[in-house]
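Terminal number for the sequence shown in this note's numbering: 229, no gaps in between. By construction, the Cβ of each residue, glycine as well, lies at the ideal position given by its N, Cα and C atoms. Only a predicted model underlies this, so the values are computations on that prediction, with no experimental measurement involved.
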Amino acid sequence: MRSVWIPRTGPPEVLEIREGPDPEPAPGEVLVRVRASGVNFADVMARLGLYPDAPRRPCVVGYEVAGTVERVGTGVDGQLTTGRRVIALTRFGGYAEAVSVPALQVFPLPEKMSFTEGAAIPVNYLTAVLMLRHFGNVHAGDRVLVHAAAGGVGMAAIQLCRIAGAEVIGTASAAKHALLREA
């Protein structure tokens with residue numbers, strides 16, 4: 047299996063492709079055959095040595111992926127079956143041909159969505175859901191301020207607020223106002 051490693055801090059040129067064995071899913075984990083990986087802010091900051099939650103170097107980059115379930119560890123429910131199209135929040139390790147992920151961080155990928163589109167969802171949308179539903183308790187009729195609304199999490203928050211029936215007020219640089227009107 048090939049994977050992309052951060053051997054040391056630096057520009058993109060420090061990244062290395064290495065060969066290694068496929069991981070084995072531990073109990074409660076799912077082995078995902080990766081078809082697409084998102085390029086996340088955490089990946090870039092980890093490469094620069096500026097992300098405190100990154101694993102120690104050398105490490106494999108990749109915070110979010112889309113792919114298919116290849117194997118499941120013991121204790122994983124029947125929804126995540128072999129061959130199922132999924133997205134996953136990997137918290138690193140995702141820039142690989144396969145990654146083992148806790149089942150609670152793996153979600154079905156709709157059939158109409160490509161793997162490339164799916165790989166852009168986990169961090170942005172899960173962050174927005176956590177903020178809006180769990181911490182903000184947003185409901186229809188609420189007025190919500192979304193700071194940095196033109197970013198990935200901001201755009202996800204706008205869409206989720208609209209689905210919930212909330213009014214959205216967003217902040218962004220003037221150059222991004224037209225983009226936000228289309229969101």
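Whole angstroms are fine: how far does the CA of residue 149 sit from the CA of residue 143?
Here residue 143 is taken as the residue at index 97 of the sequence shown, counted from 1. Here residue 149 is taken as the residue at index 103 of the sequence shown, counted from 1. Rounded to the nearest angstrom, the two C-alpha atoms are 18 Å apart.
Are the beta-carbon atoms of residue 115 and residue 175 separated by less than 7 Å?
Within the sequence shown, numbered from 1, the residue matching residue 115 stands at position 69. Within the sequence shown, numbered from 1, the residue matching residue 175 stands at position 129. Not a contact, by the Cβ cut-off of 7 Å.
Based on DSSP bridge pairs, tell me the residues matched to residue 154.
The sequence position of residue 154 within the sequence shown is 108, counting from 1. Beta-bridge pairing links residue 154 to 132.
Should the segment 90-109 be regarded as contacting the segment 172-189, the criterion being three or more beta carbon pairs within less than 8 Å?
no
Are residue 111 and residue 80 closer than 7 Å when you measure CB to CB?
Counted from its first residue, the sequence shown places residue 111 at position 65. Counted from its first residue, the sequence shown places residue 80 at position 34. In this structure, residue 80 lies closer than 7 Å to residue 111 by Cβ.
I'd like to confirm the pairing. Which residues does DSSP put opposite residue 83 in its beta bridges?
Here residue 83 refers to the residue found at position 37 of the sequence shown. 111, per the DSSP bridge assignment.
Count the CB pairs spanning the segment 180-199 and the segment 208-217 that are closer than 8 Å, and state whether there are at least three.
yes
If you reduce the DSSP assignment to three classes, tell me which class residue 216 lands in.
Numbered from 1 along the sequence shown, position 170 holds the residue referred to as residue 216. Looking at residue 216 - three-state DSSP - the assignment turns out to be strand.
List the whole-angstrom C-beta distance separating residue 66 from residue 47, where the pair is believed to meet the contact cut-off of C-beta under 8 Å.
The count along the sequence shown starts at 1 and reaches residue 66 at position 20. The count along the sequence shown starts at 1 and reaches residue 47 at position 1. Yes, residue 66 and residue 47 are in contact; Cβ-Cβ is about 6 Å, under 8 Å.
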